[in-house]
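Engineer: Here the sequence shown is numbered in this note's numbering, starting from 951 and rising by one per residue.
This is the structure I have questions about; it appears just below.
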Amino acid sequence: MPKMKTKSSCKKRFKVTAKGRVVAAQAGKQHGMIKRTNKFLRNARGTTTLSAPDEKIIKSMMPYAR
C-alpha cells in the first residue's frame, strides 16, 4: 500500500495540537489594515482554533497529523 499524501497547503497553514485541535492564523491580516478598526486588528493577533466542521475537513487532508 503506498503512503498517503499530506496536502502541501495544509502543512504550511495548520498545526494540530496535542489534544487534536487544529490551530491556524487569524484571518484578515494580509493587507488593507488601514480600513480595519484597531479593535479588529488587536483581536486578530496570534492564532485561533478552527471550528469542528472546518477541523474535520483539514484533518482529512493531513492523514499523519496526530
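For every residue, glycine included, the Cβ atom is placed at its ideal position computed from N, Cα and C.
Going by DSSP, name the residue or residues bridged to A974.
Structural biologist: F964, T998
Engineer: Within the 7 Å Cβ cut-off, does Q980 reach chain D?
Structural biologist: Within the model displayed, chain D is absent; a lone protein chain is all it includes.
Engineer: I'd like the span of the alpha helix (DSSP H) that includes R986, first residue to last.
Structural biologist: Premise fails: R986 is in no alpha helix (DSSP H) and is neither H nor E.
Engineer: Would V973 and T997 qualify as a contact pair, given that the criterion is a beta-carbon distance under 7 Å?
Structural biologist: yes
Engineer: Between which residues of its own chain and V966 is the CB-CB distance below 8 Å, once the five residues before and five after are set aside?
Structural biologist: V972, V973, K1009, M1012, A1015, R1016
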